[in-house]
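Residue numbers (the working numbering), protein chains in the order written: chain A, 1 to 338; chain B, 1001 to 1367.
This is how it looks when you write it as structure tokens:
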């Protein structure tokens, strides 16, 4: 894992972005207004509002401790609503959370189960708690773990366990599925398998709220993303719109010859840049001018360039710009940069 | 009820899949019990509680009794009449009883031998104790009447057969170990729940339509099943290895076992709810288990404790549980004789049960 730290950039206004209204005629399955939540003196959510339209995937992004899980668990009915309103499937979650939970699929961030039961026994038990007699082998097969029904949960690999956890979260055919960092710790192959499953569920009409640290995941899966920072949404909208609106700058990536040690400042003349993974990153609106200026400065200093690329703005750039904080990059993203 | 059944089934399956659980539930205490039963036999209690009825009330008879009371290995309990003393020997409260007849005083003064003067009343199985008593009695008589050698000659000691059972050390510890094991397993169950709460397994269950009371009912049913199975296994071991047999009412023992098991399941649930962490819960369970093995009449008779400590031990529910099982199984005490113990256990169960319903949570409370 790579940890990047960027200094604050100009922040777009308004600070607490309003929730998009959604397309006319679309059913709103989640409606949150002015939600505030505190743990003791620490205010975790400061008046958050959002909407989720039926059949859409909403990604809630934010750094560690930003309040993503608190927001999700409040919508799931696991946390008491102190201020504001949360309406799920048309029901006030203050009063009806137990009833609504029957129609929700929930995968907790730290999914734990009775590890001494087999996969099939666990699924059967949860199914019966929902009053359903499941076709266990078929249910497991749908998630690609059909041959593991006889294994104890403690014998499953991380990827298998997450797939089973998703299988469990969907056994009641939920109208809304909440996934709290479902791919954390998985290898790229397992992540993509889960993405496929999530897409299939969406295609089947399930509305999904997902939190993730992986911005490429949010970009690939979500119809809308909301960036939570300091207890507020600092951006909310379609990922592509957000990138166009807030991450307009491109990144000029310059890889120097191995013999040259990149310096934090002064290598590219007057250009503003950062050193990331031994590469020089220049954020610019004017790629051509920046390129000429950078190469000129390096030429003058007799520094050889080993590689050069121009990267289009991504959700990650937007996120870093808005949250100005640490962000873990995914293994694939880090690999792509190299 | 269907949901409660699912939970009971899951917990029972998990229990039988855990080899360590099986070992501690069915073998560990049983092994200790067998080991102690085979090796300690009757040598465990060097201090004997002896009942003495001084019917002579003469200076010599008083000296005899005082002499016995001075003995370090004897704890003397005085009785006004022979009937009560015999009853205590019969029900096993006393190892033996000594009756100093009126003739004892006369014998000393007349230097004649009028027949039995000091009688030892004990179960024949306790012949060892009777043999141990003889030298002490002889010394006591000598000290009481150093010049009256004739009195000594006239003393004949005979063991009077009573209705008491032939009790060994195993007979003594068996009901105690049974109750103790029930307590241990039930409290350990509470620790497991504490772990399930900590690692959010219970939080996941909370998201299903499962109600709190259904979960508690299912968990209790599973624990009860395991504990009652443990009781059957222990009785079978006791019967096969030591030929142990129940002398009292099986119904009374079953009721006591049922009530005691429920009580300690509730106690375990309470520990799981009140302990802030698994570590503190483990320490609490250790604290509740280890000293009680010695303070609640499990391995050591309450008689051997100072009177105040023996009385105080009844404040912990294991003591009435052990006492009820022991007196019912070994001495055929009727239900009415243990009414107070039953009432105490039921009372504690109600209080613990209410506390569990009030305090049980699916997840750790947010700071």
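Here a beta-carbon is modelled for each residue, glycine too, at the ideal position from N, C-alpha and C.
Below 8 Å on the Cβ atoms is my contact criterion, and I expect residue 84/A with residue 222/A to pass it. Report the Cβ-Cβ distance as a whole number of Å. On the first chain, residue 84/A is found 84 positions in, with the first residue counted as 1. On the first chain, residue 222/A is found 222 positions in, with the first residue counted as 1. About 23 Å separates the two Cβ atoms, so there is no contact after all.
CA-CA distance, residue 128/A and residue 1003/B? What you label residue 128/A is simply residue 128 of the first chain in a count that begins at 1. What you label residue 1003/B is simply residue 3 of the second chain in a count that begins at 1. Their Cα atoms are separated by approximately 7 Å.
Please state if the CB of residue 239/A and the CB of residue 315/A are separated by a distance shorter than 7 Å. Start at 1 with the first residue of the first chain, and residue 315/A comes out as number 315. Start at 1 with the first residue of the first chain, and residue 239/A comes out as number 239. Cβ atoms of residue 315/A and residue 239/A: closer than 7 Å.
With a threshold of 7 Å between beta-carbons, can residue 1014/B be considered close to chain A, or not? Position 14 of the second chain, counting from 1, holds the residue named residue 1014/B. Interface residue, yes.
Would you report the Cα separation of residue 1201/B and residue 171/A, rounded to the nearest angstrom? Residue mapping note: residue 1201/B aligns to position 201 of the second chain, counting from 1. Residue mapping note: residue 171/A aligns to position 171 of the first chain, counting from 1. Distance between residue 1201/B and residue 171/A, taken at the CA atoms: about 17 Å.
With a cut-off of 7 Å, does the C-beta of residue 1175/B fall near any C-beta of chain A? For the purposes of this step, residue 1175/B is identified with residue 175 of the second chain, where counting begins at 1. Not a single C-beta of chain A is nearer than 7 Å to the C-beta of residue 1175/B.
Looking at C-beta atoms only, is the number of pairs between the region 1213 to 1226 of chain B and the region 1003 to 1016 of chain B that lie closer than 8 Å three or more? They touch, by the three-pair rule.
Mind pulling the beta strand (DSSP E) runs of 3 or more residues that sit fully within the region 1016 to 1096 of chain B? Complete beta strand (DSSP E) runs here, min 3: 1048 to 1054 and 1074 to 1079.
Indicate whether residue 107/A and residue 166/A have their beta-carbon atoms separated by less than 7 Å. Along the first chain, one-based indexing puts residue 107/A at 107. Along the first chain, one-based indexing puts residue 166/A at 166. Yes, Cβ-Cβ distance for residue 107/A and residue 166/A is below 7 Å.
Starting from the C-beta of residue 1288/B, find all residues in its chain whose C-beta is less than 7 Å away, skip the five residues before and the five after it, and write them out in chain order. The sequence position of residue 1288/B within the second chain is 288, counting from 1. The answer, listed in chain order, is 1187.
Have a look at 255/A, 260/A and 295/A and flag the residue whose alpha-carbon is nearest the alpha-carbon of residue 271/A. Looking up residue 271/A in the first chain gives position 271. Put simply, of 255/A, 260/A and 295/A the residue whose alpha carbon is nearest the alpha carbon of residue 271/A is 295/A.
Residue environment, residue 1208/B, which counts as buried when at least 16 other CB atoms sit within 10 Å: Counting from one through the second chain, the residue named residue 1208/B turns up at place 208. Buried is the label assigned to residue 1208/B, since at least 16 other Cβ atoms lie within 10 Å of its Cβ.
Of all Cβ atoms in chain C, is any one closer than 7 Å to the Cβ of residue 175/A? Going by chain labels, chain C is absent from the structure shown, which instead holds the protein chains A and B.
Would you decide whether residue 49/A is buried or exposed? Buried here means 16 or more other CB atoms lie within 10 Å of its CB. On the first chain, position 49 is the one that residue 49/A refers to. Classification of residue 49/A: buried, given that the 10 Å Cβ count is 16 or more.
Going by beta carbon distance, what residues of the same chain come within less than 6 Å of residue 1043/B, once the five residues before and after it are set aside? By 1-based counting over the second chain, the position of residue 1043/B is 43. Confidence in residue 1043/B is poor, its pLDDT being 46 and thus under 50, which makes the residue's placement unreliable; the coordinate value appears in the next sentence. Hits under 6 Å: none found.
First through last residue of the alpha helix (DSSP H) which encompasses residue 96/A: Indexing the first chain from 1 puts residue 96/A at position 96. Run containing residue 96/A: 93 to 101, per the alpha helix (DSSP H) assignment.
Enclosing beta strand (DSSP E) for residue 1121/B [first to last residue]: Locating residue 1121/B in the second chain gives position 121, counting from the first residue. Annotation for residue 1121/B: the continuous beta strand (DSSP E) segment containing it runs 1118 to 1122.
For residue 1115/B, count neighbouring C-beta atoms within 10 Å of its own C-beta (all shown protein chains included) and say buried if the count is 16 or more, exposed if not. In the second chain, the residue the question calls residue 1115/B occupies position 115. Confidence in residue 1115/B is poor, its pLDDT being 40 and thus under 50, which makes the residue's placement unreliable; the coordinate value appears in the next sentence. Residue environment for residue 1115/B: exposed (fewer than 16 other C-beta atoms within 10 angstroms of its C-beta).
Going along the chain, which unbroken runs of the alpha helix (DSSP H) with 4 or more residues stay wholly within the region 58 to 122 of chain A? The DSSP assignment places 68 to 76 and 93 to 101 as complete runs of the alpha helix (DSSP H) inside the region 58 to 122 of chain A, in order along the chain (cut-off: 4 residues).
Tell me whether the beta-carbon of residue 207/A lies closer than 7 Å to the beta-carbon of residue 29/A. Residue 207/A sits at position 207 when you count from the first residue of the first chain. Residue 29/A sits at position 29 when you count from the first residue of the first chain. Yes; because the gap between Cβ atoms is below 7 Å, this pair is in contact.
At the level of alpha carbons, what is the spacing between residue 1204/B and residue 120/A? Start at 1 with the first residue of the second chain, and residue 1204/B comes out as number 204. Start at 1 with the first residue of the first chain, and residue 120/A comes out as number 120. So the two alpha carbons sit approximately 17 Å from each other.
Under a CB-based cut-off of 7 Å, is residue 38/A close to chain B? As a position in the first chain, residue 38/A is number 38, starting the count at 1. So, not an interface residue.
Below 7 Å CB to CB, which residues in the same chain sit around residue 70/A once its five sequence neighbours on both sides are set aside? Taking the first chain and counting its residues from 1, one reaches residue 70/A at position 70. 37, 44, 45 and 79.
Hey, does residue 1207/B have any beta-carbon neighbour from chain A nearer than 7 Å? In the second chain, residue 1207/B corresponds to position 207, counting from 1. With respect to chain A, the C-beta atom of residue 1207/B has a partner C-beta closer than 7 Å.
Taking all protein chains shown into account, do 16 or more other C-beta atoms lie within 10 angstroms of the C-beta of residue 1290/B, making it buried, or fewer, making it exposed? As a position in the second chain, residue 1290/B is number 290, starting the count at 1. By the neighbour-count criterion, in which a residue is buried when 16 or more other Cβ atoms sit within 10 angstroms of its Cβ, residue 1290/B is exposed.
Within chain A, the residues that residue 1017/B reaches when beta carbons sit closer than 7 Å: Translated into the one-based positions of the second chain, residue 1017/B becomes position 17. The answer, in chain order, is 116.
Quick one: what does DSSP say residue 189/A is sitting in, helix, strand or coil? Reading the first chain from its first residue, position 189 is the one you call residue 189/A. The three-state reading of DSSP puts residue 189/A in helix, counting H, G and I together.
With DSSP run on the structure shown, which of helix, strand or coil describes residue 322/A? As a working mapping, residue 322/A is identified with position 322 in the first chain. Looking at residue 322/A - three-state DSSP - the assignment turns out to be helix.
Residues of its chain near residue 1034/B, where Cβ-Cβ distance is below 6 Å and the 5 sequence neighbours each way are ignored: The sequence position of residue 1034/B within the second chain is 34, counting from 1. If we look at residue 1034/B and ignore the five residues flanking it on each side, its Cβ neighbours are 1241.
Answer yes or no: do residue 242/A and residue 136/A have a C-beta to C-beta separation smaller than 7 Å? Reading the first chain from its first residue, position 242 is the one you call residue 242/A. Reading the first chain from its first residue, position 136 is the one you call residue 136/A. Taking C-beta atoms as the reference points, residue 242/A and residue 136/A fail to come closer than 7 Å.
Taking CB distances under 7 Å as the criterion, tell me whether residue 162/A reaches chain B. Locating residue 162/A in the first chain gives position 162, where the first residue counts as 1. So no, residue 162/A is outside the interface.
Among 257/A, 275/A, 149/A and 297/A, whose alpha-carbon lies nearest the alpha-carbon of residue 269/A? What you label residue 269/A is simply residue 269 of the first chain in a count that begins at 1. Among 257/A, 275/A, 149/A and 297/A, the Cα nearest to that of residue 269/A is on 297/A.
Tell me the rounded alpha-carbon separation between residue 204/A and residue 133/A. Taking the first chain and counting its residues from 1, the one referred to as residue 204/A is at position 204. Taking the first chain and counting its residues from 1, the one referred to as residue 133/A is at position 133. C-alpha separation (whole angstroms): 21 Å.
Integer-rounded CB distance, given that residue 1263/B should sit under 8 Å from residue 1349/B: For this step, residue 1349/B is matched to residue 349 along the second chain. For this step, residue 1263/B is matched to residue 263 along the second chain. Yes, they are in contact, since the Cβ atoms of residue 1349/B and residue 1263/B sit about 4 Å apart, within 8 Å.
Can you tell me where the alpha helix (DSSP H) with residue 1206/B in it begins and where it stops? The count along the second chain starts at 1 and reaches residue 1206/B at position 206. Residue 1206/B -> alpha helix (DSSP H) spans 1201 to 1206.
Any chance you could list the alpha helix (DSSP H) runs of at least 4 consecutive residues sitting entirely within the region 135 to 217 of chain A, in chain order? Listed in chain order, the complete alpha helix (DSSP H) runs (minimum 4 residues) inside the region 135 to 217 of chain A are 136 to 142, 158 to 169 and 188 to 203.
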